[in-house]
Amino acid sequence: MTKGNINVSVENIFPLIKKFLYSDHEIFLRELISNATDATLKLKHLTSVGEAKIEYGNPIIEVKVDKKGKKLHIIDQGLGMTADEVEKYINEVAFSGAEEFLDKYKDSAKDTGIIGHFGLGFYSAFMVAEKVEIITKSFKDEPAAHWTCDGSPEFTLEPHDKTERGTEIILHIADDSKEFLEDSRISALLKKYNKFMPIPIKFGTKEETLPLPEDAKKDAKPEKVTVDNIINNPNPAWTKQPTDLEDQDYKDFYRELYPMQFEEPLFHIHLNVDYPFNLTGILYFPKMTNDLNIQKDKIQLYQNQVFVTDNVEGIVPEFLTMLRGVIDSPDIPLNVSRSYLQADGAVKKISSYITRKVADKLKSLFNNNREDFEKKWDDIKIVIEYGMLSEEKFFEKADAFALYPTVDGKYYTYDELYNKIKANQTDKDDNLVILYAADKDAQHSYIEAAKAKGYEVLLLDSPIVSHLMQKLETSKEKISFSRVDADHIDSLIKKDDTKISKLTEEQKTELDTLLKEVIPSEKFMVQLESMDSDAAPFMITQPEFMRRMKE
Ligand code: ADP
Ligand code: MG
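Residue 377 in full-length UniProt numbering sits at position 377 of the sequence shown, and the numbers go up by one each step.
Listed below in structure tokens is the structure:
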């Protein structure tokens with residue numbers, strides 16, 4: 001048996017680890033399962049290149065709770081370690097990593113922002129354990145090793161009789177961390193961090209009912225079997241090629257990601273790039289509500305299928321944080337503060353790539369099926385309008401497909417609007433004017449009056465779109481937006497828009513007297529001409545001020 005001192009200058013690093021990572025103890029499990037996964041994938045690689053001459057088989061990782069013994073076991077069938085390797089990787093390398101972390105972040109670690117995103121690796125086990133054992137057998141022909149450390153810089157290393165290949169980590173859970181001896185807590189953690197990890201993870205067993213054979217007797221009872229309870233899907237949709245997936249696969253994956261979400265997503269965007277950075281993922285456009293604050297189901301960030309966080313601020317442009325789905329990239333630095341992230345060149349590239357992909361997808365939906373796009377507009381407009389306001393690049397692209405609806409449910413793009421009113425407003429040498437209503441009911445009579453004069457009226461009723469109008473006015477300078485109940489609306493009537501009278505003067509006088517008798521002139525306006533030769537010969541309207549007088 002070897003006794004030794006872990007090679008570290010900090011006298012006792014464990015209290016420090018505990019203290020600095022206090023808010024995020026639970027990540028120890030993610031770290032240990034990541035190590036188990038790495039060990040298994042490394043073995044897979046070694047067997048495939050012929051360096052490990054063993055049968056790879058179908059290795060799994062197992063997590064076991066021993067509540068009575070106050071122990072938590074994480075067992076893998078990966079490449080294992082020899083005693084020398086334990087010395088090297090656990091006693092030296094891993095520790096220097098932790099030391100470096102503490103040196104670097106002693107002060108900033110209080111800024112909890114960084115903590116959840118930092119993998120402290122193997123030593124994070126000491127956040128919850130008072131003693132940790134490693135029993136490991138290398139795939140190489142060497143005896144197994146047993147390492148024990150009780151949280152002081154001293155450790156013991158001795159041979160062990162373990163014969164199966166792989167590593168078992170045993171955590172003797174500390175009294176203040178008893179929650180990690182609860183099945184429900186561990187199960188929830190596994191679901192949170194490990195749901196899509198690439199090696200199957202077993203947590204207990206479950207009963208499964210076998211389907212009855214075709215020729216089963218009527219009163220036959222279905223057979224029950226006990227099977228491993230595998231908590232993860234090692235091949236999630238985003239790791240596959242888009243060409244291998246059907247629309248239904250994307251919907252199923254959405255359900256898998258958000259089991260409590262019963263509404264179907266409107267559409268998805270599959271992200272897949274490997275140069276100049278590596279990123280895969282699937283984003284979904286859900287139906288947007290106006291309430292931006294209530295958003296539980298967020299975009300999840302993964303690194304090589306390990307869940308990292310659902311705070312993607314700084315990585316995804318803000319207007320897209322309303323989307324759902326998954327982003328997986330090993331190229332996002334996670335051990336740094338958010339403000340650093342925003343300045344990081346790689347992250348900036350990722351962010352603009354995502355923006356571009358989203359814009360391209362929207363454009364293709366618009367081009368390929370305009371009718372369907374119009375139907376979805378109300379559910380997605382918040383994101384698009386917000387994006388146009390906040391990201392110049394997105395504005396430039398979205399200008400081609402952003403829609404402006406009329407009060408009658410027609411949808412125009414900016415250019416379509418422009419061409420339409422240009423043909424009509426011949427008196428305007430500067431900006432053309434489009435009328436809009438912000439409230440269809442309150443401005444009803446104005447809308448009707450404007451329509452009677454031949455105008456189309458837009459319905460722009462969200463707070464975001466009012467900012468967007470300002471931006472369109474200042475940046476494009478082609479159309480100005482005018483409220484339908486603004487005073488100057490009469491002056492907009494085009495010059496060559498002479499009123500058309502279908503009635504003779506005689507008929508007019510006759511009609512005028514007749515109408516005056518039946519229609520109270522303080523409540524309604526009578527006009528014996530129209531703007532349009534197709535319209536009725538006379539018009540009775542009720543302007544807003546008259547409507548108010550009635551009340
Ligand atoms: P990292 O995973 O970033 O390398 P860790 O502190 O998590 O750092 O682990 C340190 C090293 O210990 C690993 O690189 C690996 O060599 C070794 N190790 C840890 N866990 C296992 C395991 N389950 N099987 C084999 N080797 C392991
Ligand atoms: Mg690790």
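Ideal Cβ positions, reconstructed from N, Cα and C, are used throughout, including at glycine.
As the structure is a computational prediction, the values presented were derived from the model and not from experiment.
Worksheet entry | Cβ neighbours of Ser521 in the same chain (closer than 6 angstroms, five flanking residues each side left out) | Translated into the one-based positions of the sequence shown, residue 521 becomes position 521. Answer for Ser521: no residue qualifies.
Item to complete: Can you have a look at Val49 and say buried or exposed, based on whether 16 or more other CB atoms are within 10 angstroms of its CB?
Response: Working through the sequence shown from its first residue, we reach residue 49 at position 49. Answer is exposed; the Cβ neighbour count stays below 16.
Fill in: Same chain only: Cβ atoms within 8 angstroms of Ile479, ignoring 5 sequence neighbours per side
Walking along the sequence shown from the start, residue 479 turns up at place 479. The answer, listed in chain order, is Tyr414, Leu417, Tyr418, Ile421, Asn431, Leu432, Val433, Ile434, Leu472, Glu473.
Discussion item. Could you compute how far the alpha carbon of Glu208 sits from the alpha carbon of Asp228?
Written reply: Position 208 of the sequence shown, counted from the start, is the residue given in the question as residue 208. Position 228 of the sequence shown, counted from the start, is the residue given in the question as residue 228. So the two alpha carbons sit approximately 10 angstroms from each other.
Worksheet item: If you draw a straight line from the C-alpha of Glu51 to the C-alpha of Glu85, how long is it?
Response: If you number the sequence shown from 1, residue 51 lands on position 51. If you number the sequence shown from 1, residue 85 lands on position 85. Roughly 17 angstroms separates the two Cα atoms.
Discussion item. So, at 6 angstroms on beta carbons, what are the nonlocal neighbours of Ile382 in its own chain, with the 5 sequence-adjacent residues on each side left out?
Written reply: Looking up residue 382 in the sequence shown gives position 382. Hits under 6 angstroms: Met288.
Fill in: Cα-Cα separation, Lys202 to His268
Position 202 of the sequence shown, counted from the first residue, corresponds to residue 202. Position 268 of the sequence shown, counted from the first residue, corresponds to residue 268. Distance between the alpha carbons of Lys202 and His268 is about 31 angstroms.
Fill in: Contact the stretch 359–374 vs the stretch 449–461: 3+ CB pairs below 8 angstroms
no
Discussion item. Applying the 10 Å Cβ sphere with the 16-neighbour rule, what's the burial state of Asn293?
Written reply: For this step, residue 293 is matched to residue 293 along the sequence shown. Any reading at Asn293 must be qualified, since the residue scores a pLDDT of 43, below 50, and its modelled position is unreliable; no value is offered.
Discussion item. Between Glu168, Met127, Glu130, which has its C-alpha nearest His146's C-alpha?
Written reply: Counted from its first residue, the sequence shown places residue 146 at position 146. Measuring from the Cα of His146, the nearest candidate turns out to be Glu168.
Discussion item. Going residue by residue through the stretch 55–92, where are the continuous alpha helix (DSSP H) segments of at least 4 residues, counting only ones entirely within it?
Written reply: none
Fill in: beta-carbon Ala36 near the ligand ADP non-hydrogen atom, thresh 8 angstroms
As a first step, residue 36 is located in the sequence shown; it is residue number 36 there, counting from the start. Yes, since a heavy atom of the ligand ADP falls inside the 8 angstroms radius drawn around the Cβ of Ala36.
Worksheet item: How long is the line joining the alpha carbons of Pro143 and Ile170, rounded to whole angstroms?
Response: The sequence position of residue 143 within the sequence shown is 143, counting from 1. The sequence position of residue 170 within the sequence shown is 170, counting from 1. The alpha-carbon atoms of Pro143 and Ile170 are separated by roughly 19 angstroms.
Worksheet entry | Collapsed DSSP secondary structure at Gln300 in the structure displayed | As a working note, residue 300 is residue 300 in the sequence shown. Of the three classes helix, strand and coil, the one that applies to Gln300 here is strand, per DSSP.
Discussion item. Does the beta-carbon of Asp461, which I'm using as the reference point, lie nearer than 8 angstroms to any heavy atom of the ligand ADP?
Written reply: Taking the first residue of the sequence shown as 1, we reach residue 461 at position 461. No, since every heavy atom of the ligand ADP falls outside the 8 angstroms radius drawn around the Cβ of Asp461.
Worksheet item: Given that a residue counts as buried once 16 or more other Cβ atoms are within 10 Å of its Cβ, and exposed if not, what is Tyr258?
Response: Here the question's residue 258 lines up with position 258 in the sequence shown. Tyr258 counts as buried, since no fewer than 16 other beta carbons sit within 10 angstroms of its beta carbon.
Item to complete: Count the other C-beta atoms from every protein chain shown that fall within 10 angstroms of the C-beta of Tyr275, then say buried if there are 16 or more, exposed otherwise.
Response: Translated into the one-based positions of the sequence shown, residue 275 becomes position 275. When all chains shown are included, Tyr275 counts as exposed.
Discussion item. Please tell me whether Ser400 and Ile384 are closer than 9 angstroms, where the distance is taken between their beta carbons.
Written reply: Taking the sequence shown and counting its residues from 1, the one referred to as residue 400 is at position 400. Taking the sequence shown and counting its residues from 1, the one referred to as residue 384 is at position 384. What sits at residue 400 in the sequence shown is Ala, not Ser. Not in contact: Ala400 and Ile384 (Cβ atoms no closer than 9 angstroms).
Worksheet item: Cβ of Phe122 within 8 angstroms of any heavy atom in the ligand MG?
Response: As a position in the sequence shown, residue 122 is number 122, starting the count at 1. Taking 8 angstroms as the cut-off, one finds at least one heavy atom of the ligand MG near enough to the beta carbon of Phe122.
Worksheet item: Hey, is Glu31 close to the ligand MG, as in C-beta under 8 angstroms from one of its heavy atoms?
Response: The sequence position of residue 31 within the sequence shown is 31, counting from 1. Glu31 Cβ: within cutoff of the ligand MG.
Worksheet item: For Leu271, which residues does DSSP report across the bridge?
Response: In the sequence shown, residue 271 corresponds to position 271, counting from 1. Leu271 is bridged to Gly281.
Fill in: Endpoints, the beta strand (DSSP E) within which Leu171 is located
Here the question's residue 171 lines up with position 171 in the sequence shown. Start and end: 166–173.
Worksheet item: On the premise that Phe285 lies in contact with Leu301, defined as a C-beta separation below 8 angstroms, what is that separation, rounded to the nearest angstrom?
Response: The sequence position of residue 301 within the sequence shown is 301, counting from 1. The sequence position of residue 285 within the sequence shown is 285, counting from 1. Not confirmed; about 18 angstroms, so no contact.
Practice prompt. Please confirm whether any heavy atom of the ligand ADP lies closer than 8 angstroms to the CB of Met127.
Written response: Within the sequence shown, the letter at position 127 stands for residue 127. Met127: no, Cβ never under 8 angstroms from the ligand ADP.
Worksheet item: Can you pull the DSSP bridge partners for Glu208?
Response: Here residue 208 is taken as the residue at index 208 of the sequence shown, counted from 1. Val225, per the DSSP bridge assignment.
Worksheet item: Where Leu252 and Pro236 are concerned, what is the direct C-alpha to C-alpha distance, given to the nearest angstrom?
Response: Against the sequence shown, residue 252 aligns to sequence position 252. Against the sequence shown, residue 236 aligns to sequence position 236. Reading the sequence as shown, one finds Asp at residue 252 and not Leu. About 10 angstroms.
Worksheet entry | Own chain residues within Cβ distance below 8 angstroms of Ala39, not counting five before or after | As a position in the sequence shown, residue 39 is number 39, starting the count at 1. Asp76, Gly78, Leu79, Gly80, Gly166, Thr167, listed in sequence order.
Worksheet item: From Asp66, Met197, Tyr254, pick the residue whose C-alpha is nearest to that of Val306; which is it?
Response: Within the sequence shown, residue 306 is the residue found at index 306, counting from 1. Ranking the options by Cα distance to Val306, first place goes to Met197.
Worksheet item: Regarding Gly80 and the ligand ADP, is the C-beta to nearest heavy atom distance less than 8 angstroms?
Response: Reading the sequence shown from its first residue, position 80 is the one you call residue 80. Gly80: yes, Cβ under 8 angstroms from the ligand ADP.
Worksheet item: Going straight from the alpha carbon of Glu223 to that of Ala216, what length do you get?
Response: Within the sequence shown, numbered from 1, the residue matching residue 223 stands at position 223. Within the sequence shown, numbered from 1, the residue matching residue 216 stands at position 216. Spanning the two alpha carbons is a distance of roughly 11 angstroms.
Discussion item. Quick check on Thr509: buried or exposed, where buried means 16 or more other Cβ atoms within 10 Å of its Cβ?
Written reply: Against the sequence shown, residue 509 aligns to sequence position 509. Classification of Thr509: exposed, given that the 10 Å Cβ count is below 16.
Worksheet item: For Lys3, does the count of other Cβ atoms within 10 angstroms reach 16, so buried, or fall short, so exposed?
Response: Here residue 3 corresponds to residue number 3 of the sequence shown, with the count starting at 1. Answer is exposed; the Cβ neighbour count stays below 16.
Fill in: Terminal residues of the beta strand (DSSP E) in which Thr239 lies
Start at 1 with the first residue of the sequence shown, and residue 239 comes out as number 239. Note, Thr239: premise wrong, no beta strand (DSSP E); not H, not E.
Worksheet item: Taking Cβ positions, are Ile315 and Ser352 nearer each other than 9 angstroms?
Response: Position 315 of the sequence shown, counted from the first residue, corresponds to residue 315. Position 352 of the sequence shown, counted from the first residue, corresponds to residue 352. No, they are not a contact pair.
Discussion item. Considering only their Cβ atoms, is the gap separating Glu62 from Ile54 smaller than 9 angstroms?
Written reply: Translated into the one-based positions of the sequence shown, residue 54 becomes position 54. Translated into the one-based positions of the sequence shown, residue 62 becomes position 62. Cβ atoms of Ile54 and Glu62: not closer than 9 angstroms.
Worksheet item: According to the neighbour-count rule (16 or more other Cβ atoms, all chains shown, within 10 Å of its Cβ), is Thr280 buried or exposed?
Response: To locate residue 280, count along the sequence shown from 1; it is residue 280. With 16 or more other Cβ atoms within 10 Å, it is buried.
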